[in-house]
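In the order they appear, the protein sequences are chains W and V. Heads up: the first sequence begins at 47 in this note's numbering, then just goes up one per residue. Heads up: the second sequence begins at 47 in this note's numbering, then just goes up one per residue.
2 protein chains.
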Amino acid sequence: MEASVPTPTPFDRETADGAPSNRKALTIGAVAKILGREFEDISISKIRYLEDQKLLAPRRTPGGYRLYSQADVERLRSILRMQRDEFLPLRVIRQELAAGARQERGGEAASLRRAASVEGGKGTRLTLQELVDDTGVGADLIKDLEDWRLVQPVAVDGVKVYDDTDREIVKASSELARFGVRGRNLKVLRTAADREAVLLEAVVGPGLRSTNQNARQEAIENLESLAAACSNLTHMLLVRDLRKLTGED
Amino acid sequence: MEASVPTPTPFDRETADGAPSNRKALTIGAVAKILGREFEDISISKIRYLEDQKLLAPRRTPGGYRLYSQADVERLRSILRMQRDEFLPLRVIRQELAAGARQERGGEAASLRRAASVEGGKGTRLTLQELVDDTGVGADLIKDLEDWRLVQPVAVDGVKVYDDTDREIVKASSELARFGVRGRNLKVLRTAADREAVLLEAVVGPGLRSTNQNARQEAIENLESLAAACSNLTHMLLVRDLRKLTGED
DNA sequence: CAAAACCCTGAAGCCACGGTTGAGGCTGGG
DNA sequence: CCCAGCCTCAACCGTGGCTTCAGGGTTTTG
Numbered sequence: 047m048e049a050s051v052p053t054p055t056p057f058d059r060e061t062a063d064g065a066p067s068n069r070k071a072l073t074i075g076a077v078a079k080i081l082g083r084e085f086e087d088i089s090i091s092k093i094r095y096l097e098d099q100k101l102l103a104p105r106r107t108p109g110g111y112r113l114y115s116q117a118d119v120e121r122l123r124s125i126l127r128m129q130r131d132e133f134l135p136l137r138v139i140r141q142e143l144a145a146g147a148r149q150e151r152g153g154e155a156a157s158l159r160r161a162a163s164v165e166g167g168k169g170t171r172l173t174l175q176e177l178v179d180d181t182g183v184g185a186d187l188i189k190d191l192e193d194w195r196l197v198q199p200v201a202v203d204g205v206k207v208y209d210d211t212d213r214e215i216v217k218a219s220s221e222l223a224r225f226g227v228r229g230r231n232l233k234v235l236r237t238a239a240d241r242e243a244v245l246l247e248a249v250v251g252p253g254l255r256s257t258n259q260n261a262r263q264e265a266i267e268n269l270e271s272l273a274a275a276c277s278n279l280t281h282m283l284l285v286r287d288l289r290k291l292t293g294e295d
Numbered sequence: 047m048e049a050s051v052p053t054p055t056p057f058d059r060e061t062a063d064g065a066p067s068n069r070k071a072l073t074i075g076a077v078a079k080i081l082g083r084e085f086e087d088i089s090i091s092k093i094r095y096l097e098d099q100k101l102l103a104p105r106r107t108p109g110g111y112r113l114y115s116q117a118d119v120e121r122l123r124s125i126l127r128m129q130r131d132e133f134l135p136l137r138v139i140r141q142e143l144a145a146g147a148r149q150e151r152g153g154e155a156a157s158l159r160r161a162a163s164v165e166g167g168k169g170t171r172l173t174l175q176e177l178v179d180d181t182g183v184g185a186d187l188i189k190d191l192e193d194w195r196l197v198q199p200v201a202v203d204g205v206k207v208y209d210d211t212d213r214e215i216v217k218a219s220s221e222l223a224r225f226g227v228r229g230r231n232l233k234v235l236r237t238a239a240d241r242e243a244v245l246l247e248a249v250v251g252p253g254l255r256s257t258n259q260n261a262r263q264e265a266i267e268n269l270e271s272l273a274a275a276c277s278n279l280t281h282m283l284l285v286r287d288l289r290k291l292t293g294e295d
């Protein structure tokens, strides 16, 4: 989410005049703090390192302090995204940046990869309105999905908030809704998923509850593989059933 | 070491009847040589390393030699491609593979999509032996899958033959078998798929039975979309369930 | 103006990833 | 029975991507 923090940082005194602060150059510490919201593994030393690797070239004060323009920050942001979402090595990112400000290339696939991850980011919190805007789905359908518990918002401060699995679920459901498949029919899918979850829980459960952090991590990764394989298998089984349907007529 | 060598292969693997040799299982050296054409940085040790990292799991001879099925070679090929072309780290490739390359960027997803197509080309007919060589799965697991009716061969002239959905199902199951999920547990997946099929049948059934050829064709295409959306939705529901599992600790 | 907060460079260190190498020993096809 | 080919296990290695530390300069703030 692009909340683009125009927020006055604690030590922020450069915004004393109500002027648009986002025009001002930032010190390295300020940049780290801002980007820290989106990327938890950012650090001052890392930013310096990236400069060392010729990925950035901020202006300097006469005294030698780095000064980051708004553009620099954006550049850095996209570097970090490519790292995190597309797993690109710096060497490649450098080229990618040099080759014009190309953007949004494999972005779709990458975001999918993240969205489908079991290891939940917990990051996203959407209001109903945002969910509607984001998916282009009517509030009535969402209501329907909630009634049948396909979507399970959480109440925070009396407001329902949705997360990113909810969003993906809504998107997928809207596809089905086009064909008239709605809440009551979807219930069968939910129970199917619930049962699969129980099955997988039985397999990795022990490792998951292990106190050993390594074992736990491994269990989570196995869980990802299992979930994928499971969905895959179910899909193939469905395809076979459907072929029988279309074949024998 | 694996004590249970799954090779009571009933039939001699000699292709006395001049069968296409590319159906046969290969030794590691042969695999390296073949893939060496496309990937210069392949080596025997690298292939072994990838196995060590759980990216491959070829069958073994009773003596311990690795035997690579056609499917294994393809899997390896796509591993190498993801490394070379998409710079993905092995950790990510592992997941991507488990997902059965459900979405393949960059174009050619043809082979899988064909296999996943509802519109069945009844073409493929595999014997048990071919199925084993092709998928690299032990005959015992296949037997297990048959017992639980995940795989449904047809008897022709007293010989059981499998089709390509069976093959894909076996492949997906082998992924799960690695974690000890076998026949009895898989039954829940089959019934889930069956129910989804019933659901979709209700939606497109009328069109499917239409005498109007156009309407029929359209129904089939809708069915594909529906199947995809359905699987997708079930997967997301599963992911959400699993996140709850990993989250609350 | 001085202390406090922040920033600078360069060199060294660290850890994970993705393999390779080598010793010592089986396998299996001709 | 021979010998190329394969096996495991453990040690080793280069690179990438940072972090840490020492020693010292710059800016802000009160």
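C-beta: ideal position from N, C-alpha, C; glycine also. All values reported here derive from a predicted model rather than from experimental measurement.
In the pairwise beta carbon analysis, the region 265 to 285 of chain W is classified as touching the region 243 to 251 of chain W: at least three pairs are separated by under 8 Å.
Take V:A201, set aside five residues on each side of it, and no residue of its chain has a beta-carbon closer than 7 Å to its own. Here DSSP, grouped into helix, strand and coil, assigns W:Y208 to strand. A Cβ of chain V is located within less than 8 Å of the beta carbon of W:T280.
Neighbours of W:F85 in chain V, taken as residues whose beta carbon is under 7 Å from its own, are absent, since the nearest beta carbon is some 18 Å off. Using a 10 angstroms sphere on the CB of V:T181, the tally of other CB atoms reaches 16 or more, which defines it as buried. The three-state secondary structure of V:L172, taken from DSSP, is strand. Residues of the region 115 to 138 of chain W whose Cβ lies closer than 7 Å to any Cβ of chain V, in chain order: F133, L134, P135, V138. Listed in chain order, the alpha helix (DSSP H) runs fully inside the region 175 to 202 of chain V are 185 to 193, counting runs of at least 4 residues. Excluding its 5 nearest sequence neighbours in each direction, V:A117 has C-beta neighbours in its own chain below 7 Å: D180, T181, G182, K217, listed in chain order. Residues of the region 229 to 243 of chain W with a Cβ closer than 7 Å to any Cβ of chain V, in chain order: N231, V234, L235, R236, A238, A239, D240, R241, E242, A243.
Contact between V:A239 and W:D186 is ruled out by a C-beta separation of about 30 Å, above the 8 Å threshold. Put simply, of V:Q99, V:P135, V:E214, V:I88 the residue whose alpha carbon is nearest the alpha carbon of W:L284 is V:E214. For V:E247, the enclosing alpha helix (DSSP H) has its first and last residue at 229 to 254. Comparing alpha-carbon positions, the option among W:R83, W:D203, W:I74, W:G110 lying closest to W:R94 turns out to be W:I74.
In this chain, the alpha helix (DSSP H) harbouring W:Y95 covers 90 to 98. At the C-beta level, W:A265 and W:L254 come within 8 Å of one another. Neighbours of V:I215 in chain W, taken as residues at a C-beta separation under 8 Å, are given in chain order as L279, M282, L283, R286. Within chain W, not a single residue places a beta-carbon under 7 Å from that of V:Q99; the smallest gap is close to 12 Å. Under the three-state reduction of DSSP output, V:R127 falls in the helix class. Excluding the 5 residues flanking it on each side, V:A103 has no same chain C-beta neighbour closer than 6 Å. Identification of chain W residues near V:G226 by a Cβ-Cβ cut-off of 7 Å yields V249, ordered along the chain.
By the CB criterion at 8 Å, V:S219 and V:L232 fall inside the cutoff. W:E221 belongs to the set of residues whose beta carbon lies under 8 Å from a beta carbon in chain V. Residues of the same chain with their beta carbon placed closer than 6 Å to that of V:P252 are lacking, with the five preceding and five following residues left out of the count. Excluding its 5 nearest sequence neighbours in each direction, V:R262 has C-beta neighbours in its own chain below 6 Å: S256, listed in chain order.
For W:K79, the enclosing alpha helix (DSSP H) has its first and last residue at 74 to 81.
By the neighbour-count criterion, in which 16 or more other beta carbons inside 10 Å mark a residue as buried, V:A76 falls on the exposed side. Listed along chain V are V227, N231, L232, V234, L235, each with a C-beta nearer than 9 Å to that of W:L245. Going by beta carbons, V:R228 and V:D190 fall inside the 8 Å limit. Residue environment analysis places V:R230 among the exposed positions, since fewer than 16 neighbouring C-beta atoms fall within 10 angstroms of its C-beta. Between V:F85 and V:L134, the CB-CB gap reaches or exceeds 8 Å. Ranked by Cα distance from V:R121, the first of V:T107, V:A145, V:Y111 is V:A145.
Secondary structure note for W:R224: it is in no alpha helix (DSSP H), with a DSSP letter that is neither H nor E.
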